[in-house]
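Quick note on UniProt numbering: the sequence shown kicks off at 1 and runs consecutively.
Cβ atoms here follow ideal geometry from the backbone N, Cα and C, with glycine treated the same way.
These numbers were taken from a predicted model, which means no experiment stands behind them.
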Amino acid sequence: MAYSPWARALNEANLHITVRPEEIAAAAEAYREVAGLLVAKLDWPNDTIRILPQGSASTQTLIRSPFGGEKFDIDAVCQVDISRVAAQDPMGFFQSVGDALEELEAEAKKRCWNIPFPNRPFYLEFTPSVPLNNVPQYTMESMAPRYRAAFAYRATALAVVDTPTERWKTSNPAGITKWVDDTAKRSLIRQVSMETAVLREAKAEVAPVPEQAVEITDTLRVAIRLFKRHRDMCVRRGIIAGEAKPISIIIVTLLTSCYEGLADLGRVYAHPVELLDDLASLLPHLVLKLEDQYRVDNPTVEGENFAEKWNHDGGTRYRAFVAWCNALSADLETILALSEPQEISTRVREVFGIPAPTTDGTGLSSARYPAPPPTRPGRGLA
């Protein structure tokens with residue numbers, strides 16, 4: 001496929017931050033190892049347990065860290081059919097999973113078990129859950145009442161254990177994945193043919209970890225990946241503090257909402273950097289502030305606020321988010337201002353922390369391209 005110089009440079013960055021296939025294969029093996037322990041240690045029928053990827057792994061937005069040697073996290077959910085497995089005791093259910101994983105040195109977190117997997121390039125965040133549709137009435141009544149599954153995603157809703165409250169809480173990682181997948185199919189780039197990667201629905205007990213290779217034509221997922229990379233580079237460069245950086249689910253939610261809104265408006269862009277710049281400029285305006293509280297709502301679980309921690313730190317995380325958005329928009333503007341392919345490639349590598357090619361040349365044409373349209377009024381950095 002013939003890419004514009006901006007798309008080719010972004011594709012180079014996208015390929016560099018992609019998690020390697022052999023690392024994904026190792027993660028899949030870790031899933032099988034965990035499944036084997038659960039079957040061996042717990043007195044549950046084999047067909048009641050399903051292990052599925054969630055988070056960045058399931059949305060195909062997992063990226064490599066710019067920090068050398070830093071592990072990436074693989075999120076998984078353990079779905080147990082409680083129509084046949086008693087789970088009226090949320091904490092007992094949660095602890096039984098942790099006990100089964102003791103030899104893997106699993107550490108209890110708020111709603112998941114962290115499995116470190118020494119000598120592997122990742123760690124596993126493993127969340128025990130039960131299908132919400134299978135939860136009996138007495139269990140439903142014990143759940144946090146303000147967290148209800150959104151109707152459009154009810155079929156995939158789960159109940160997970162919230163250990164601070166010792167109660168069940170609604171969650172829907174598969175709903176988030178479907179929302180991102182459906183939105184990503186809406187192309188906003190003019191004259192780009194797209195081979196859509198279709199995620200196969202897994203029927204086995206252990207669902208495969210999706211391949212993380214994403215084409216540059218998959219503009220939403222590429223935007224999520226590049227924005228996450230830029231966030232990490234802002235931490236590395238000291239622009240924002242690591243403990244205050246926006247978490248990935250906030251970036252995914254805001255970007256997907258923004259992309260969906262632009263598609264609804266019928267917006268079409270000449271090339272991907274122009275789209276990325278608009279997304280970066282719009283992101284701060286999508287964070288709601290109601291009754292002096294910041295909100296980034298989970299579209300699949302009514303009442304869940306992904307930005308809850310922003311309301312308890314004196315504004316530190318919100319200020320870091322705005323600083324990152326401003327830095328991202330400013331960096332994208334510098335890329336938009338260039339027209340020479342080599343300069344575009346060099347600047348993209350600088351912005352996203354991509355090492356220069358080790359071989360001579362970049363493979364880019366030496367022909368000059370017209371600069372993209374000038375920045376439209378009202379698209380400043382504020």
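- request: Output the distance between the C-alpha atoms of Trp6 and Ile216, rounded to the nearest integer angstrom.
  value: 11 Å
- prompt: What residue range is occupied by the uninterrupted beta strand (DSSP E) comprising Gln342?
  reply: Here Gln342 belongs to no beta strand (DSSP E); instead the alpha helix (DSSP H) covers Pro341 to Phe352.
query: In whole angstroms, what is the alpha-carbon distance linking Val206 and Glu33?
result: Note on Val206: pLDDT 49, under 50, position unreliable in the model; the coordinate value appears next. Those two C-alpha atoms are separated by around 10 Å.
- prompt: What number of angstroms, rounded off, separates the C-alpha of Pro272 from the C-alpha of Asn11?
  reply: 10 Å
- prompt: Can you check whether the CB of Leu158 is closer than 9 Å to the CB of Pro121?
  reply: no
- prompt: Can you tell me whether Gly175 is buried or exposed, with buried defined as 16 or more other CB within 10 angstroms of its CB?
  reply: buried
message: Going by beta-carbon coordinates alone, are Cys234 and Ala150 separated by less than 9 Å?
response: no
task: Would you mind stating whether Ser257 and Ser329 have Cβ atoms separated by less than 9 Å?
output: no
query: How is Ala337 classed by DSSP in three states: helix, strand or coil?
result: coil
field: Where Arg237 falls, given that 16 or more other Cβ within 10 Å makes a residue buried
entry: exposed
Which listed residue (Ala30, Pro116, Cys325 and Val97) has its alpha carbon closest to that of Leu283: Cys325
field: Residue of Leu220, Lys169 and Ile335 minimising C-alpha distance to Leu254
entry: Leu220
Cα-Cα separation between Ile51 and Glu333, rounded to whole angstroms: 43 Å
query: If you draw a straight line from the alpha carbon of Val161 to that of Cys112, how long is it in whole angstroms?
result: 8 Å
task: Give the secondary structure of Arg319 by DSSP, where H, G and I count as helix, E and B as strand, and everything else as coil.
output: helix
Range of the contiguous alpha helix (DSSP H) that encloses Val34: Pro21 to Lys41
task: With a threshold of 16 other CB atoms inside 10 Å of the CB of Leu101, please say whether the residue is buried or exposed.
output: buried
query: Quick one: Cα of Lys245 to Cα of Glu70, how far?
result: 16 Å
- request: Tell me whether Val119 is buried or exposed, calling it buried when 16 or more other Cβ atoms sit within 10 Å of its Cβ.
  value: The amino acid occupying residue 119 in the given sequence is Asn; Val does not appear at that position. Answer is exposed; the Cβ neighbour count stays below 16.
task: From the DSSP output, in three-state form, read off residue 390 for me.
output: No statement about residue 390 is possible, as the shown extent of the chain runs from 1 to 382 and does not include it.
Proximity of Val80 and Pro128 at Cβ, strictly below 9 Å: yes
task: Ignore the nearest five residues each way along the sequence and tell me which others in Glu211's own chain have a CB closer than 6 Å to its CB.
output: Confidence is the limiting factor: at Glu211 the pLDDT is only 49, short of 50, which leaves the residue's position unreliable, though a coordinate-based value still follows. Within the same chain, Glu211 has no close Cβ partners at all.
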